[in-house]
Amino acid sequence: MTTDDVRPAKPVPVVAAWARPFWDAAREGRLILQHCEDCDRVIHYPRMACPFCSSKNLDWKNASGRGTIYSFTVVESNAPSAFAGDVPYVVAVIRLDEGVQMLTNIVQSDRDELVCDLPVEVVFEQLNDEFTLPKFRPVR
Amino acid sequence: MANNRGGSAIIGIGEVPTGRHPDQGAISFALESALMAIGDAGIDKGEIDFVIPTGSLFSSQFSNELATCRLVEELGLKNVTSNCEVFSGGSSSTNALRVASALIESGRAKSILFVHTDKLGTGVSAQGGIDLFSTAGISMEWEVPYGQHYSTVAALATERYKFETGTTDEQLSAVCVSNRKWAELNPNAFFRKPLTIEEVMASKMLSTPLRSKQSNMLFDGGAAYVVTSGERARDLTEKPAYVLGEGGLVTHFAYHQEPDLTRFGWAQAGRQAFESAGITPDDIDVAEIYDSYPIYQLIAFEEIGLCGRGEAGALHMSGATAPGGTIPTTTDGGMLSKGHIGAGGSVSLLVEAVRQLMGKAGPRQVPECRFAVETAVGGTYMDAQVTILGTEIP
């Protein structure tokens, strides 16, 4: 992480009201996923209404925190200003065991071990007092 | 879907060279292109009764001026019932044509002027461009905080596509080389020097496996076209570019929500377009494929049926898509060589499809060009759009 004060601050999530529990849980080191009580589907990212059946009868469940890398990339240059001090960093799409996809960073990894379909598990990185981002690392 | 095959046609096109023009306002590219298109159509400007500008990304102030009738006033158009912006990022070309065709076919408009202009080359800084495209069309809650931007977007699709199909970095680079060969023949293109696979492979790594010469660059530019009814088009020209068919499928907003980063919505969009046009991929004489990055040219090319899954890389390597090849592809040089001008990336391709059909492509003219397919897609490749044009109605 950079300590260079010249760079713009890291962008924080612009939170939709119904997604607030996700970020509150992440701050406590828990990964939770929205769940539709009517059609029994797991939902991510959180929605105002179920994207499958449109029900607003939605709840939250703890996630396994496990998944696989659907795809990944190591950013080496031309990063957005706020991330210029972080290169190289890894952006990845994860397929969680619950069947949903999320965008994240892969951390605590050797770039040579990264490959599509690699099993990964969640870790949490604090961004500031309000936000902690769920990130992933290869399963050891 | 109602069959309105050939009910509307593009009869005139205009375009300014893509480049860096710090001394000119974006309005000048719009007006030059519009005047060229009206002249090319061979109609009196008083016949234009509907104007469709699309959005301009470099300045919200300027984009608002386009939405609020500046072009109508600057061009001195006196019979315009409506100036109405149609904007969906990179797919604006197809969506504007879709709207224009519907207006013509329903009798609500007779002659429609579509105009695009942007100033991303000199209207924003290089880093400003990267930063603009680290938020435009990217989820502010679920992706921006992780450093997602357009290089990572393209790289994520490329990595998975390589993994599933065995396509090589050299084959991906061959897309850049093929498009460059066309750009060498296009005076409106920015990059016109010959390019080799080795040069692409030696260029700076952006986000693995994506290299800088596999990335588009942002420039200033503009283009325009005029749409009228098929019937009126026949009176004006021997070779109207009839709108024969179209298809589309929106598959995501946030990139990570895309169920298949190696396919997107192209297969369904292509099927719809070819069915409505009444032709098959084998009938296509020229393919204008959206090419902001090589991966997207390969995926769309395959998924709309121009070749089989995983075969497009080898096909580009073989020279089949280059000048003199069996399936001329992205013949203006595309965003990779002509240059990326925002929503105009696909407007250029649509204008080029018309240019080829009307026999106005000069040294890069594809002989006996009867049917063209154009693909367009906005944002992070969220809405696969396919348009089929032809000089005859099947």
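In order, the protein sequence lines correspond to chains A and B.
All residue numbers for the first sequence refer to the working numbering, where the first residue is -1 and numbers rise by one.
All residue numbers for the second sequence refer to the working numbering, where the first residue is 607 and numbers rise by one.
Even glycine gets a Cβ: it sits at the ideal position worked out from N, Cα and C.
So with Cβ pairs under 9 Å, would you call residue i a contact of chain B?
{"i": "V113(A)", "result": "yes"}
{"i": "M46(A)", "result": "no"}
{"i": "P11(A)", "result": "yes"}
{"i": "P78(A)", "result": "yes"}
{"i": "T102(A)", "result": "yes"}
{"i": "F81(A)", "result": "yes"}
{"i": "F70(A)", "result": "yes"}
{"i": "F50(A)", "result": "no"}
{"i": "Q124(A)", "result": "no"}
{"i": "D84(A)", "result": "yes"}
{"i": "A23(A)", "result": "no"}
{"i": "E119(A)", "result": "no"}
Please list the partners that residue i has in chain B, where partner means a Cβ-to-Cβ separation under 9 Å.
{"i": "E74(A)", "result": "K810, M811, L812, S813, T814"}
{"i": "V91(A)", "result": "L762, R766, Y861, H862, E864, L867"}
So, is the C-beta of residue i closer than 9 Å to a C-beta in chain A?
{"i": "G753(B)", "result": "yes"}
{"i": "E805(B)", "result": "no"}
{"i": "M823(B)", "result": "no"}
{"i": "T857(B)", "result": "no"}
{"i": "W748(B)", "result": "yes"}
{"i": "K819(B)", "result": "no"}
{"i": "S745(B)", "result": "yes"}
{"i": "N610(B)", "result": "no"}
{"i": "S740(B)", "result": "yes"}
{"i": "F769(B)", "result": "yes"}
{"i": "S757(B)", "result": "yes"}
{"i": "Q733(B)", "result": "yes"}
Can you list the residues of chain B that residue i reaches, using a CB-CB cut of under 7 Å?
{"i": "A7(A)", "result": "Ordered by position in chain B, no residue passes the 7 Å Cβ test against A7(A), which lies about 11 Å from the chain."}
{"i": "Q99(A)", "result": "H862, Q863"}
{"i": "A15(A)", "result": "Going along chain B, no residue has its Cβ under 7 Å from A15(A), so there is no contact; the nearest lies around 11 Å."}
Tell me which same chain residues have a C-beta within less than 6 Å of the C-beta of residue i, skipping the five on either side of it?
{"i": "A17(A)", "result": "P44"}
{"i": "Q124(A)", "result": "T130"}
{"i": "A959(B)", "result": "E894, A978, E980, L995"}
{"i": "T834(B)", "result": "I617, S717"}
{"i": "C604(B)", "result": "The question about residue 604(B) has no answer here: the residues shown for chain B are numbered 607 through 1000."}
{"i": "N55(A)", "result": "E35, D36"}
{"i": "T66(A)", "result": "R93, D115, P117"}
{"i": "A967(B)", "result": "R961"}
{"i": "Y752(B)", "result": "none"}
{"i": "R25(A)", "result": "T130"}
Count the other CB atoms within 10 Å of the CB of residue i; is the residue buried (16 or more) or exposed (fewer)?
{"i": "G682(B)", "result": "exposed"}
{"i": "M46(A)", "result": "exposed"}
{"i": "N701(B)", "result": "buried"}
{"i": "Q777(B)", "result": "buried"}
{"i": "N794(B)", "result": "buried"}
{"i": "R915(B)", "result": "exposed"}
{"i": "E679(B)", "result": "exposed"}
{"i": "N785(B)", "result": "buried"}
{"i": "N670(B)", "result": "exposed"}
{"i": "P19(A)", "result": "exposed"}
{"i": "D629(B)", "result": "exposed"}
{"i": "Q667(B)", "result": "exposed"}
{"i": "T1(A)", "result": "Residue placement at T1(A) cannot be trusted, given a pLDDT of 47 that sits under 50; what the coordinates show is reported in the next sentence. Label assigned to T1(A): exposed."}
{"i": "V832(B)", "result": "buried"}
{"i": "C913(B)", "result": "buried"}
{"i": "N60(A)", "result": "exposed"}
{"i": "V721(B)", "result": "buried"}
{"i": "N126(A)", "result": "exposed"}
{"i": "S698(B)", "result": "buried"}
{"i": "G97(A)", "result": "exposed"}
I want to verify the contact list: residues of chain A whose CB lies under 8 Å from the CB of residue i, in sequence order.
{"i": "D775(B)", "result": "Going along chain A, no residue has its Cβ under 8 Å from D775(B), so there is no contact; the nearest lies around 14 Å."}
Among residues of its own chain, excluding the 5 on either side of residue i, which ones have a beta-carbon nearer than 8 Å to its beta-carbon?
{"i": "Y848(B)", "result": "R611, G612, S614, A615, G836, A839, L995, G996, T997, E998, I999"}
{"i": "M(-1)(A)", "result": "Unreliable positioning characterises M(-1)(A) in this predicted model, as indicated by a pLDDT of 44, which lies under 50. The coordinate reading is nonetheless provided below. Contacts found: G83, D84."}
{"i": "P6(A)", "result": "S79, A80"}
{"i": "S639(B)", "result": "G620, E621, V622, V721, H722, T723, G828, A829, A830"}
{"i": "K810(B)", "result": "R817, S818"}
Note down, in chain order, each residue of its chain lying with its Cβ closer than 7 Å to the Cβ of residue i, except the 5 sequence neighbours on either side.
{"i": "N792(B)", "result": "D938, G939, K944, R970"}
{"i": "L824(B)", "result": "L726, G727, G735, H946"}
{"i": "D646(B)", "result": "G618, I619, G620"}
{"i": "T102(A)", "result": "A90, I92, P132, K133, F134"}
{"i": "H42(A)", "result": "L31, Q32, V98, M100"}
Which chain B residues sit within Cβ distance under 8 Å of residue i?
{"i": "L131(A)", "result": "P751, Y752"}
Check the Cβ of residue i against every Cβ in chain A and list those closer than 7 Å, keeping chain order.
{"i": "D737(B)", "result": "P78, S79"}
**Prompt:** Along the chain, which unbroken stretches of the alpha helix (DSSP H) at least 4 residues long are found entirely within the segment 780 to 827 of chain B?
**Reply:** Segments of the alpha helix (DSSP H) lying fully in the segment 780 to 827 of chain B: 803 to 808.
### Message
Could you tell me which whole alpha helix (DSSP H) segments of length 4 or greater appear in the segment 618 to 678 of chain B?
### Response
Counting whole runs of 4 or more residues, the segment 618 to 678 of chain B contains the alpha helix (DSSP H) stretches 632 to 647, 666 to 673.
Practice problem: Entirely within the segment 890 to 924 of chain B and at least 3 residues each: give me those beta strand (DSSP E) ranges in chain order. | Solution: Listed in chain order, the complete beta strand (DSSP E) runs (minimum 3 residues) inside the segment 890 to 924 of chain B are 892 to 894.
List in chain order: all unbroken beta strand (DSSP E) runs of 3+ residues lying wholly within the segment 717 to 754 of chain B.
Counting only runs of 3 or more residues that sit fully inside the segment 717 to 754 of chain B, the beta strand (DSSP E) segments are 717 to 725, in chain order.
Requested in this report: Scan the segment 49 to 125 of chain A and note each continuous beta strand (DSSP E) run of 3 residues or more that stays entirely inside, going in chain order.
Outcome: Counting whole runs of 3 or more residues, the segment 49 to 125 of chain A contains the beta strand (DSSP E) stretches 56 to 60, 64 to 73, 87 to 94, 99 to 104, 117 to 124.
Handout entry: Contained alpha helix (DSSP H) runs [length at least 4] in the segment 917 to 988 of chain B, N- to C-terminal order
Key = Fully enclosed alpha helix (DSSP H) runs of 4 or longer: 918 to 924, 940 to 943, 950 to 963.
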